[in-house]
Structure formats: C-alpha cells, structure tokens
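Structure (structure tokens):
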C-alpha cells in the first residue's frame, strides 16, 4: 500500500522508545537520532492523510519521558538533535543503572498512561530504537505482551549489525516489524516503518468506521 492510497483522515500516536544506556556509543545514538529525524520528517509531510503525534521515552541508566504526545512534533525533531550518549551511570545503586529495570518501567508507563487520552480510532505504535546488546527478561516480555493485547503495535529498529535480533523478536512478535539500520546511508530502509504507521492507522480507522 502506498501512503497516498488511504483517502480518509486517520490518526496515529507514535512513541519512540530509545535505548540510552552506557552501552550505546555516540555513533549509535547519532544513528538513532538520524532514524527518528527521518521518520519525523516523513510523518510531518502532508502528502498522506494521517495526523500523527509523537513522543520520546528513553531507558538505559534510567527511565525518562522527554517529550509527550501533547507537544508539537517539530519541537521533538529539534530536541533529539542534542541527545548525547551517557558516559557513565551516576545512580546511587547498581539496581538504578539496570537497563532491564528501566526498560520495564518504560513499558509499564506506556501501558498505564502514555496513550490514555487517545480516541478509539487512533493507532498506537511504539518504536524501540536500540543497539540491542542487552537481554530481554520475563518481566519485559510480559509487559510487551500486555501492550500487544491492548492493540498496540511494537516495532524495533536495531542500530548497527550486531544486535540480538532473536531476543527482540520475542517482544515485537511480527518479524516484519524488525528493522536493522547499519548506517545513515541506509536510512531509507525505514520507509517501511513509515508505511506501517500510515497503513495500520488507515486499516484501524477503516475497521472502526465500518463497525455496525
């Protein structure tokens, strides 16, 4: 399906969930920023009929909401250009620096409140961006499963060519929703992400509008 084929107005809420652990190098953070910038530029384009709102949540050394769905996407696009890789974790205990703990907290927040004010026909999408070197435990799989059960779509963008694809397949579920971005030069592979956002929003609103 081409982006122009959805002829009615649709809405989507996209949350970028980015790994900002100390395992992320500045090159990888920059690649994550490039991916978000590319997607935001495409989603801000008015050639399609999908109205998109976007937010940014990070995990790694801590869980943090940087930008909510209520704020303009243009501000998010400007904000992410300043993201830098953390050199160290200065938390008071090792547990506070746990990537898995902060990942679980982020998924829990997405489950509880991040999407709570959306209309019924808004497609809710989470785009995980990571170098994928950390493990996925039972708590993360359970929380991701809860998100899928409530109709949310999970996508994952792996930065570089050395990430644990199989681990992330366990939470994303659909192999077609796994993407690998090895360099800025190959960023156009994310066109499929853009199409998924618009197509799934179009399909959801069509189903909603055709309910008896």
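In full-length UniProt numbering, the protein residues as written are 1 to 212. Think of the CB as a built atom: it goes at the ideal place given N, C-alpha and C, for glycine as much as any other residue.
**OP:** Helix, strand or coil for residue 182, going by three-state DSSP, please let me know.
**Re:** coil
Original post:
Roughly how many angstroms lie between the CA atoms of residue 47 and residue 198, to the nearest whole one?
Top reply: 11 Å
Subject >> Secondary structure of residue 83, DSSP reduced to three states >> reply: coil
**OP:** Please say whether residue 131 and residue 159 have beta carbons closer to each other than 8 Å?
**Re:** yes
**OP:** Would you mind working out which of 135, 110, 12 sits nearest residue 167, comparing C-alpha positions?
**Re:** 135
Original post:
How many Å lie between residue 143 and residue 98 at the Cα?
Top reply: 17 Å
Subject >> Member of 101, 104, 182 whose CA lies at the smallest distance from the CA of residue 30 >> reply: 182
**OP:** Name, in chain order, the residues that DSSP records as bridge partners for residue 129.
**Re:** 18, 157
Subject >> residue 141 - containing alpha helix (DSSP H), residue span >> reply: 138-149
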